[in-house]
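Read the structure below first, then the notes.
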Amino acid sequence: MYSNNPVDFEIIPLSAAHRSWVREFITTRWGAPEIVVHDERFLPETLPGCLAVIAAVPAGLITWNIIGDTCEIISLDSLQPHRGIGSALLAAAETAARSAGCKTCCLVTTNDNIQAQRFYTNRGYYVTHIDLGAVNRARILKPAIPFVNGEGVPITDEITFVKTL
Ligand SMILES: CC(C)(COP(=O)(O)OP(=O)(O)OC[C@H]1O[C@@H](n2cnc3c(N)ncnc32)[C@H](O)[C@@H]1OP(=O)(O)O)[C@@H](O)C(=O)NCCC(=O)NCCS
Numbered sequence: 007m008y009s010n011n012p013v014d015f016e017i018i019p020l021s022a023a024h025r026s027w028v029r030e031f032i033t034t035r036w037g038a039p040e041i042v043v044h045d046e047r048f049l050p051e052t053l054p055g056c057l058a059v060i061a062a063v064p065a066g067l068i069t070w071n072i073i074g075d076t077c078e079i080i081s082l083d084s085l086q087p088h089r090g091i092g093s094a095l096l097a098a099a100e101t102a103a104r105s106a107g108c109k110t111c112c113l114v115t116t117n118d119n120i121q122a123q124r125f126y127t128n129r130g131y132y133v134t135h136i137d138l139g140a141v142n143r144a145r146i147l148k149p150a151i152p153f154v155n156g157e158g159v160p161i162t163d164e165i166t167f168v169k170t171l
């Protein structure tokens, strides 16, 4: 477990009891229960992950998928930004990945998500690939993906970040 003052949160592993909550949370945050990246569909409710909780109330979620010696972060959401919750969730995923024998963590974010790009870059991740038009393809699999973000920036491309563990 992690904790961080002044916000007293804990990081706990996901269990089967959280499955329906994860489905609803991902649907609310990402428009559907699934996440589509690099032309693949992922259902976070079926994946390993961790929750950040404050007084037993969820304040963030991370899920990941391990294949071989690579751990891919599939979703990361913080409900209380700039208080260390995202960092603690990412650190928990990296710890789990190392324990599972992973050599790298990777993830995909989108061209419009400057905040996430800064967040990951500041935590040791670097860009390995930019897939122009990948979100346009993803939108065929998941029509709920918006065409623009909350600031009106077109969402078109996927950016892959990698960190050596
Ligand atoms: C990206 C995201 C998960 C970060 O979560 P977060 O809880 O804000 O993360 P943290 O608080 O650990 O760190 C965010 C920033 O706040 C800063 N911070 C952390 N604790 C702080 C504190 N007590 N006071 C001031 N700043 C603080 C961090 O240094 C960090 O700065 P940086 O991004 O310039 O490195 C969050 O913005 C989010 O949910 N975004 C929407 C979903 C999303 O885009 N997910 C990623 C998809 S790939």
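With the sequence shown counted from 1, adding 6 to any position gets you my numbering. Don't be surprised by glycine CBs; every beta carbon is placed ideally from N, CA and C.
Of the residues assessed, Ile-120 falls on the exposed side of the cut-off, its CB having fewer than 16 other CB atoms within 10 angstroms. Separation of the CB atoms of Ala-144 and Ile-151 is rounded to 6 Å, and the pair is thereby assigned contact status at 8 Å.
Counted as a single uninterrupted DSSP element, the stretch harbouring Thr-76 is not any alpha helix (DSSP H) but the beta strand (DSSP E) occupying residues 76-84. Positions of the alpha helix (DSSP H) runs, each at least 4 residues long and wholly inside the region 25-58, are given as 25-36 in order along the chain. Taken in chain order, the complete beta strand (DSSP E) segments of 3 or more residues contained in the region 110-137 are 110-116, 132-137. Arg-104 and Cys-56 have their C-alpha atoms spaced approximately 15 Å apart. DSSP places Thr-101 in the helix class (H, G or I) of the three-state scheme. Only residues of its own chain outside the window of five on either side were considered, and among them none has a CB closer than 8 Å to the CB of Ala-62. Look at which beta carbons fall closer than 6 Å to any heavy atom of ligand 1; those residues are Leu-82, Asp-83, Ser-84, Pro-87, His-88, Arg-89, Gly-90, Ile-91, Gly-92, Ser-93, Leu-113, Thr-115, Asn-119, Gln-121, Ala-122, Arg-124, Phe-125, Asn-128. Looking at the backbone, the Cα of Cys-112 and that of Glu-164 are separated by about 13 Å. With respect to the 8 Å criterion, Asn-155 and Ile-146 are not classified as neighbours on the basis of their beta carbons. Nearest neighbour of Pro-19 by Cα position, chosen from Ile-91, Ala-99, Cys-108, turns out to be Ala-99.
Per the DSSP secondary-structure output, Val-141 pairs with nothing in a beta bridge. DSSP, read as helix, strand or coil, puts Leu-67 in strand. In terms of CA proximity to Ile-41, Glu-78 leads the group Ser-84, Ile-17, Glu-78. Separation of Ala-23 and Ile-32 (C-alpha to C-alpha, rounded to the nearest whole angstrom) is 16 Å. Going by C-alpha positions, Arg-89 is about 10 Å away from Phe-15.
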